[in-house]
Structures are given as C-alpha cells and as structure tokens.
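Enquirer: Sharing a structure here in structure tokens format.
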Amino acid sequence: MKKLATYFLLVIILVSCDEDDGTPGPGPGPGPSPGKVVNGWAVDLVKVQDAGGRDIIPSIENSTFISASQVSFLTDNELVIGININGDIRAYSHRILDLHEVSNETIGGMPVTVSLCPLTGTALTWDRTINGEVTTFGVAGLLYNSNLIMYDRLTGNNWAQMLSESVNGSLICEEVDNITVVETTWANWKSMYPQSLVQSTDTGFDRDYNNLPFSSLVDPNANPLFPATPEDDRMPKHERVHGIIDGDQARVYPFSNFEDSGTQLLIDFFGSNDLLIVGDADRNFIVSFIDPNSTGENLEFRPVQNGGEVILEDNEGNRWNIFGEAVSGPRMGNKLTPTHSYMGYWFSWAAIFPSPDIFTGGSDG
Amino acid sequence: MKGRLLLGSLAIFAALIPALAQTCCSGGVPISANVGLPVDGAARWQLALNYDLNTLRTFKDGDRTLNDNSRERKTHSVLLSAGFNVNSRLSINSLVSFVRQERRITPLNFPETFNYSNGIGDVVILFRYRITNPLNNSRILTLGAGPKLPTGPTDLQNEQGITLNADMQPGSGAWDAVFWANYLHQFSFRPSLVLFSTGTYQSTGTNPSYLGSLRYELGDNMRLDVGLSDRINIGRLILDPSLALRYRVAARDKNQGQKQENTGGEWVFLIPSVSYSISNNLSFQFSMDLPLYSYLQGSQLTPSYRINTGFYYVFTKKSDLIAPEFK
Numbered sequence: 006m007k008k009l010a011t012y013f014l015l016v017i018i019l020v021s022c023d024e025d026d027g028t029p030g031p032g033p034g035p036g037p038s039p040g041k042v043v044n045g046w047a048v049d050l051v052k053v054q055d056a057g058g059r060d061i062i063p064s065i066e067n068s069t070f071i072s073a074s075q076v077s078f079l080t081d082n083e084l085v086i087g088i089n090i091n092g093d094i095r096a097y098s099h100r101i102l103d104l105h106e107v108s109n110e111t112i113g114g115m116p117v118t119v120s121l122c123p124l125t126g127t128a129l130t131w132d133r134t135i136n137g138e139v140t141t142f143g144v145a146g147l148l149y150n151s152n153l154i155m156y157d158r159l160t161g162n163n164w165a166q167m168l169s170e171s172v173n174g175s176l177i178c179e180e181v182d183n184i185t186v187v188e189t190t191w192a193n194w195k196s197m198y199p200q201s202l203v204q205s206t207d208t209g210f211d212r213d214y215n216n217l218p219f220s221s222l223v224d225p226n227a228n229p230l231f232p233a234t235p236e237d238d239r240m241p242k243h244e245r246v247h248g249i250i251d252g253d254q255a256r257v258y259p260f261s262n263f264e265d266s267g268t269q270l271l272i273d274f275f276g277s278n279d280l281l282i283v284g285d286a287d288r289n290f291i292v293s294f295i296d297p298n299s300t301g302e303n304l305e306f307r308p309v310q311n312g313g314e315v316i317l318e319d320n321e322g323n324r325w326n327i328f329g330e331a332v333s334g335p336r337m338g339n340k341l342t343p344t345h346s347y348m349g350y351w352f353s354w355a356a357i358f359p360s361p362d363i364f365t366g367g368s369d370g
Numbered sequence: 125m126k127g128r129l130l131l132g133s134l135a136i137f138a139a140l141i142p143a144l145a146q147t148c149c150s151g152g153v154p155i156s157a158n159v160g161l162p163v164d165g166a167a168r169w170q171l172a173l174n175y176d177l178n179t180l181r182t183f184k185d186g187d188r189t190l191n192d193n194s195r196e197r198k199t200h201s202v203l204l205s206a207g208f209n210v211n212s213r214l215s216i217n218s219l220v221s222f223v224r225q226e227r228r229i230t231p232l233n234f235p236e237t238f239n240y241s242n243g244i245g246d247v248v249i250l251f252r253y254r255i256t257n258p259l260n261n262s263r264i265l266t267l268g269a270g271p272k273l274p275t276g277p278t279d280l281q282n283e284q285g286i287t288l289n290a291d292m293q294p295g296s297g298a299w300d301a302v303f304w305a306n307y308l309h310q311f312s313f314r315p316s317l318v319l320f321s322t323g324t325y326q327s328t329g330t331n332p333s334y335l336g337s338l339r340y341e342l343g344d345n346m347r348l349d350v351g352l353s354d355r356i357n358i359g360r361l362i363l364d365p366s367l368a369l370r371y372r373v374a375a376r377d378k379n380q381g382q383k384q385e386n387t388g389g390e391w392v393f394l395i396p397s398v399s400y401s402i403s404n405n406l407s408f409q410f411s412m413d414l415p416l417y418s419y420l421q422g423s424q425l426t427p428s429y430r431i432n433t434g435f436y437y438v439f440t441k442k443s444d445l446i447a448p449e450f451k
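Which chain is which? The protein sequence lines are A and B, in order. So the first sequence is numbered by the working numbering: it starts at 6 and just counts up by one. So the second sequence is numbered by the working numbering: it starts at 125 and just counts up by one.
Below you can see the structure in the form of structure tokens.
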C-alpha cells in the first residue's frame, strides 16, 4: 500500500460506448467522449488530423539517465517534467521530448509512458499496464484537436493524450491510469531534487537537441499550428494554465492567480471536491490536491516559502512536498490525493473541454 | 540551324525538369518549372509528357545528415505540358499534373506504415515573351510570367476518413505567381554548344482552408539553373547531353502568419541529362537531380534523388525545317 501511495491511480472506467450507425451526426462533440461512437471513433472524426503517420516521430525506448549535477544541456528557465514513483525521482526535459513526444520507461518498478504534446503543452505519464498486460506507446501520427494521439503497440488502439482514453480501437473509451507529474523550470527542479536522475540526450537517436522546433509557441499570443475548436478568446491561446478535470468539465488556474511573490495557496471547490491549489509564478509551477478536510480531517494548510521540495505545512507540523507527500511531521509517509490535472495551453483546454471555468479568485496564503 | 537550336533548346528543357513546390517534408510536385518548352517558330504546337519521381529519404538538420532512414516520401508525377507559340516571340504554356504521394515509415523494431494519395495536381499557365530578335539565335532571352491555379484537391482522406496532411495532398490550395527567365547563348566556335541559364521565382499564395480552417503559405522560392548542352552524333544517333547546376532557396512556410519551424532551406543540385532525337519532331529525354549540398532550416527530409523522363513532340510544318537564313 505504501508503494501505491507514491502515485495516483485513476480507476479504470469503462464508459459505455454505443456504436452509432456511422451516419454523420452530432457525434460526441468536441469534449471528452460521452459515450457516442461514430465510425469507430469516440471523438468527432472531423477534429482528428493526420500529422505524418504512425511513428513519424520516434518514441524513446531506451533512455539513459544522468545525475542532475551532470546536466549541461538545459538552461535554467526551460521546462522539465518531474516524476516521483516509489521514491524514484526522474526529470524529462521538454527539449528532448519535443522531438520524441513519447518515452517508454520503468520508474520505481512501474512501467510507464511519459508523453509530451508540444502543440498543446501537455505532459502526462500513464501506467502502461492495461488490463494486466504491459504495452508500449508510440506516436500515432494523428492529432485530436491539435493534441497528441498515441497508439499502444499491443492492441493498436489510438489513445488521446488529454482525454487519457482510447478513442479508437478494441478498448475504445477505456481510460488509462494517470501518474502525477510536476512541470516546472529546470532551475526549480534541480533545487528541489538535486538527487534526481535526468533523461540524457543519449536517446538512441541522431538528433540535434539544440533545435527547438516549437520555440515560437512560447509566445502566449501565438496561434495554434493545427485546428482546435471551439476557440475561446478569454485568454491568450498559448498561455500556460493548470487544468483540473472532473468528468467532462474542467477548470483552469492561470499563473495570474500566483503573481504575488512566493508560493501561494488557493482553496477552491470544483466538481464534488474541495481543492488545494498551490502555485508559484517565479518558480513556475502549479499543482493541486483534494483537500483532506473534505473527508473529515482538520488541517490548516499554509504555503511554505523557499522550502525546496516542501510547498505546504499544516497546523500539525506536517510538511508536504510538491508531490503531496508528507516528508516530515506526524503524518510523514501520507500522501494528499492528487487531482486529475496537468498543465497545458489555454486553447487546448478550451478545445478539448469546451467552456472551461477560469479561476479568478484570490489566494489563501 | 534553326532545327539545331530547337533541339539544343530541347536538351535544355530536358535538363531543367526540376521541383518547385512544397519543401516541408514534401515530395514536391514539379509544377511550374516544367513549363519551359522552347519558344521557337510561329503557330507551332508542342507537347511534352513526362514522368517525374522525387524521392526524399535523407533526413538532415542544417547541413548535417542525421543517421535516420526511417522515413521516406515519394512523389510520382505524370506531367502533361502543352505549348503554343503564337508568333516568333510570344508563347503560351500550360502544365497539368497527375500526382501520387507516398509516405513510408519504417521505425526500428516496429512495423512499417505506408500511406498514399492520388489526384490531379495544380495547373500552371505561363506566358512567355522572347525579348531578343527572333532572327538572332545566338543569344536568346525570354521572360515569362503566369499563375499557378489551385486546381488540385487539398482535402483527400485516408481510409479512416481522416484528412491527410498538406504534404500528402496533390494540390496546394493556393494561387501562386510564377516569374520565369531564360537565357541561351550559342557559341560561334561550336554552334551546337549552348550555354543556358534559367531563373524562376515563385511567389506563393495562401491556402485559406488548410486543414479546414487555417491559413497556410508555403515559402516563396527561387531557383537558378546554369548549364551547358551540346550535340553528339554517333552514326545516325543524335544525342544532346547537358550538365547543369541548380541553386534553389526556399523561405520558411507560414502557418497562421507564423513562420513554421523545420521548413525552408537552400539546395544545390547537379543535373546530368540526355535527350535523344527519335525524329525531327519527337525526342526522348532523361535527367537526374543529384543533391550536392543543402542547408535546411531545422530538421527535414530532403531530396535524395530525382529522376525525370519523357517525350517531347513538336508539331512542325515543312517550312519550319528550312532554317530562316535560307528562307
């Protein structure tokens, strides 16, 4: 159980998908598949785009790792994807995954797939054990509303990254288990986890990792490179936001909520949960957890400034790290329940989860 | 003399069957530069039917070839070009293509995938005007311009009903303007030896419905060819070999007004070619584009080789076979 506490597993939900007769119709709409399958797809096929064919971008199968102190190919402000499974702490850079998008790994003894869609700015990690069988994922060469579609090599199903589910194939509408990731700058990550292993540029592929093909998307006002609808102009299209998903709804938390100096804590209620949202604009991270007080606990959380990996403390004297683990105090070893959430460009949240709420309330710390 | 120059021009035409189209990961449909039929003689019709194969399997970053042979793009084109010389100065050329795009990915240790599409490509119409005196065949300067019409489809789908990527479509979806100039110099010490130079500039338009709703513009591109052609008689066999160098530069594509990464670059090709005169009216030609140098913006597939072969037919009257100096 302790091992299980180091990561979050979303329960596999088999959504009932009714096969349609294939005639054009409203289909499942732009959001997550609510159960309508048309022509074998659980999403609107009009919004599925060809992006070069299966494996046009090669997934990494044999990563090598170096220690954080050995890393010289990253600059302080660029983004990395941090993962902590059973105390096995790894970092994957956008710089490398921009050119591969998928990396099949075993972290902390768990077979996982780390994926990054550079078009939507979304990084997720999936358990790649599906129905008891271990598979690997590759780039399907397709996009759904501009977002990465992967295929699994065991069944050939096509899986939409932001939906975390099969949208085409024998496992259609089946979801994968998400593992919590933390996206932040390299400088912040290495200050929090100097012991971290970092995926090296020795990926087995001859690539120039100084080539940054998506650098233009850093501009919040840049336009998407592929169609993504519906559009929503409430924020710049490429503004990075933290999104929390509840069913087919989403609420996003822009960095503008965390512009005051230091680490901030927001308290919110979304879906059926009280939430703790912790962010720091300077350190470039936003993470979120289910507030344990909603299940009968009585903890008063406060953000911790300059605490390294520790971002929260409470009235019992527990100190909680960025993965929601109590690293000291009477509850040491416990873990806050993470939300189903990740970072991503605003336009992609608006396209995949239409009309998402935008949190504009103040912070609680 | 006139017939000799005509055939010399034909050799040049044969040497200058190039690509002038998409760059990003695209096989490139060899459209506008194929409209280079010789301007020679009034009221003369010309036809050329060519097959062109452009193979891209070299993956480069900048000027460095990457050790990755997992991707291959091929563009097969059948090109029908028709020309009419209104008079000894003015001619009209048109070109229509039938295109087959192929994409093959062979990742290490994983199954190969293959996709293709077929269709009529875009059409080019070029109006050309011979600047220099039509009676002086030792130096010929011809200028031309015309539109490329977006006649080819841009919405072909794969077997699953998913619209294929732009580089797999036969058409570009955009109106382009093509500007063309050709200079021929016949040497007095060896009249069959011809120096030729052709420049083309393609000012590309915008496809307003790329993937349904985006505005996509392929990068403007320019090419310059310089070469020599000569005639060799081997018994009754008349051959016109030529050798040319081509420099081509393409600007980066724009998507929604933003410059696209991994598009655009510079290329230098060596183009050996030979034309065989089957009769006074009919000839057969074969040429290859061999890449000598390229510098690509970012990482791209780039042409590994191109072959072009076909027939050229000119409709002549008996009086055409009499050189003007003897008329």
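Don't be surprised by glycine CBs; every beta carbon is placed ideally from N, CA and C.
Figure out for me which residue from B:D246, B:G186, B:E196 has the closest Cα to the Cα of S218 of chain B.
Expert: Taking the second sequence and counting its residues from 1, one reaches residue 218 of chain B at position 94. Of the listed residues, the one whose Cα sits closest to S218 of chain B is B:D246.
Enquirer: Straight-line CA distance for R256 of chain A to Q200 of chain A?
Expert: By 1-based counting over the first sequence, the position of residue 256 of chain A is 251. By 1-based counting over the first sequence, the position of residue 200 of chain A is 195. Those two C-alpha atoms are separated by around 34 Å.
Enquirer: Strictly under 8 Å for the Cβ-Cβ distance: is D296 of chain A near chain B by that measure?
Expert: Locating residue 296 of chain A in the first sequence gives position 291, where the first residue counts as 1. Output row for D296 of chain A: interface = no.
Enquirer: Can you give me the C-alpha to C-alpha distance between T387 of chain B and I395 of chain B, rounded to a whole angstrom?
Expert: Here residue 387 of chain B refers to the residue found at position 263 when the second sequence is read from its first residue. Here residue 395 of chain B refers to the residue found at position 271 when the second sequence is read from its first residue. Going from the Cα of T387 of chain B to the Cα of I395 of chain B covers about 24 Å.
Enquirer: Would you kindly check if the distance between the Cβ of S411 of chain B and the Cβ of S397 of chain B is under 8 Å?
Expert: Walking along the second sequence from the start, residue 397 of chain B turns up at place 273. Walking along the second sequence from the start, residue 411 of chain B turns up at place 287. A contact, by the Cβ cut-off of 8 Å.
Enquirer: Given this structure, state the Cα-to-Cα distance separating G323 of chain B from L416 of chain B, to the nearest angstrom.
Expert: Start at 1 with the first residue of the second sequence, and residue 323 of chain B comes out as number 199. Start at 1 with the first residue of the second sequence, and residue 416 of chain B comes out as number 292. Cα-Cα distance, rounded: 19 Å.
Enquirer: Mark A157 of chain B as exposed unless 16 or more other C-beta atoms lie within 10 angstroms of its C-beta, in which case mark it buried.
Expert: If you number the second sequence from 1, residue 157 of chain B lands on position 33. Summary for A157 of chain B: the model assigns pLDDT 47, below 50, so the residue's position carries little reliability; its value from the coordinates is reported in the next sentence. Buried, since its Cβ has 16 or more Cβ neighbours within 10 Å.
Enquirer: What is the DSSP secondary structure of I101 of chain A, reduced to helix, strand or coil?
Expert: Reading the first sequence from its first residue, position 96 is the one you call residue 101 of chain A. Three-state result, I101 of chain A: helix.
Enquirer: Does DSSP put I316 of chain A in a helix, a strand or coil?
Expert: Taking the first residue of the first sequence as position 1, residue 316 of chain A is located at position 311. Three-state result, I316 of chain A: strand.
Enquirer: What number of angstroms, rounded off, separates the C-alpha of A128 of chain A from the C-alpha of F328 of chain A?
Expert: As a first step, residue 128 of chain A must be located in the first sequence, where it is residue number 123. As a first step, residue 328 of chain A must be located in the first sequence, where it is residue number 323. Their Cα atoms are separated by approximately 15 Å.
Enquirer: Beta-carbon separation of A375 of chain B and N345 of chain B under 8 Å?
Expert: Within the second sequence, residue 375 of chain B is the residue found at index 251, counting from 1. Within the second sequence, residue 345 of chain B is the residue found at index 221, counting from 1. Going by C-beta atoms, A375 of chain B is nearer than 8 Å to N345 of chain B.
Enquirer: Can you give me the C-alpha to C-alpha distance between Y175 of chain B and Q166 of chain A, rounded to a whole angstrom?
Expert: Taking the second sequence and counting its residues from 1, one reaches residue 175 of chain B at position 51. Taking the first sequence and counting its residues from 1, one reaches residue 166 of chain A at position 161. Distance between the alpha carbons of Y175 of chain B and Q166 of chain A: 42 Å.
Enquirer: Is the shortest distance between the beta-carbon of N239 of chain B and the beta-carbons of chain A less than 8 Å?
Expert: Position 115 of the second sequence, counting from 1, holds the residue named residue 239 of chain B. Interface residue, yes.
Enquirer: Determine the direct distance from the alpha carbon of G57 of chain A to that of F303 of chain B, and round the result to whole angstroms.
Expert: Along the second sequence, read from residue 1 onward, the residue named residue 303 of chain B stands at position 179. Along the first sequence, read from residue 1 onward, the residue named residue 57 of chain A stands at position 52. Taking the straight line joining both Cα atoms gives about 32 Å.
Enquirer: Run the CB neighbour count on R360 of chain B, radius 10 Å, all protein chains shown included, and call it buried at 16 or more, exposed below.
Expert: For the purposes of this step, residue 360 of chain B is identified with residue 236 of the second sequence, where counting begins at 1. That one is exposed.
Enquirer: Using alpha carbons as the reference points, say which of A:G248, A:L84, A:I71, A:R59 lies closest to L217 of chain A.
Expert: In the first sequence, counting from the first residue as 1, residue 217 of chain A sits at position 212. Of A:G248, A:L84, A:I71, A:R59, the residue nearest in Cα terms is A:L84.
Enquirer: What's the call for M292 of chain B, buried or exposed, on a 16-neighbour Cβ count within 10 Å?
Expert: In the second sequence, the residue the question calls residue 292 of chain B occupies position 168. Burial call: buried.
Enquirer: How about I250 of chain A and H105 of chain A: do their beta carbons lie closer than 8 Å?
Expert: Numbered from its first residue, the first sequence carries residue 250 of chain A at position 245. Numbered from its first residue, the first sequence carries residue 105 of chain A at position 100. The answer is no: Cβ separation not under 8 Å.
Enquirer: Of all Cβ atoms in chain B, is any one closer than 8 Å to the Cβ of L270 of chain A?
Expert: In the first sequence, residue 270 of chain A corresponds to position 265, counting from 1. Taking Cβ atoms only, chain B never reaches closer than 8 Å to L270 of chain A, which makes this a no.
Enquirer: Use the C-beta contact count for Q225 of chain B: other C-beta atoms within 10 angstroms, 16 or more gives buried, fewer gives exposed.
Expert: Counting from one through the second sequence, the residue named residue 225 of chain B turns up at place 101. Buried, since its Cβ has 16 or more Cβ neighbours within 10 Å.
Enquirer: Would you call the region 278-293 of chain B and the region 306-319 of chain B in contact, with 3 or more CB pairs under 8 Å?
Expert: Cβ pair count under 8 Å is below three, so no.
Enquirer: Taking 8 Å as the cut-off, does the region 275-295 of chain A touch the region 188-203 of chain A (at least 3 CB pairs, one atom from each stretch)?
Expert: Yes, since at least three Cβ pairs between the region 188-203 of chain A and the region 275-295 of chain A fall closer than 8 Å, the two stretches touch.
Enquirer: How is the beta strand (DSSP E) around N152 of chain A delimited, first residue to last?
Expert: Indexing the first sequence from 1 puts residue 152 of chain A at position 147. Unbroken beta strand (DSSP E) run through N152 of chain A: 152-157.
Enquirer: Count the other CB atoms, across all protein chains shown, that sit within 10 Å of the CB of S399 of chain B; report buried if there are 16 or more and exposed otherwise.
Expert: The residue labelled residue 399 of chain B in the question sits at position 275 within the second sequence. So S399 of chain B ends up on the buried side.
Enquirer: For the region 79-97 of chain A against the region 319-334 of chain B, do three or more pairs of beta-carbon atoms, one drawn from each stretch, fall closer than 8 Å, so that the two count as touching?
Expert: Result no; under three Cβ-Cβ pairs closer than 8 Å.
Enquirer: Name the chain A residues that come within less than 7 Å of F435 of chain B, Cβ to Cβ?
Expert: In the second sequence, residue 435 of chain B corresponds to position 311, counting from 1. None at all; the shortest Cβ gap to chain A is about 35 Å.
Enquirer: With DSSP run on the structure shown, which of helix, strand or coil describes P199 of chain A?
Expert: The residue you call residue 199 of chain A lines up with position 194 of the first sequence. DSSP places P199 of chain A in coil when its eight states are reduced to three.
Enquirer: Just by C-beta distance, which residues in the region 59-83 of chain A are closer than 7 Å to chain B?
Expert: Within the region 59-83 of chain A, the residues whose Cβ lies closer than 7 Å to some Cβ of chain B are R59, D60, I61, P63, listed in chain order.
Enquirer: Report the three-state DSSP secondary structure of M337 of chain A (helix, strand or coil).
Expert: Reading the first sequence from its first residue, position 332 is the one you call residue 337 of chain A. DSSP places M337 of chain A in coil when its eight states are reduced to three.
Enquirer: I need the straight-line Cα distance from D103 of chain A to R133 of chain A, nearest angstrom please.
Expert: Mapped onto the first sequence, residue 103 of chain A falls at position 98. Mapped onto the first sequence, residue 133 of chain A falls at position 128. Their Cα atoms are separated by approximately 21 Å.
Enquirer: Near R372 of chain B, which residues of its chain fall below 6 Å by C-beta distance, leaving aside the five closest residues on each side in sequence?
Expert: In the second sequence, counting from the first residue as 1, residue 372 of chain B sits at position 248. Closer than 6 Å at Cβ, skipping near neighbours: R347, W391.
Enquirer: Skipping 5 residues on each side, what residues in its chain have a beta carbon closer than 6 Å to that of H243 of chain A?
Expert: By one-based count along the first sequence, residue 243 of chain A stands at place 238. Taken in chain order, the residues that qualify are L222, P225, A227, Y350.
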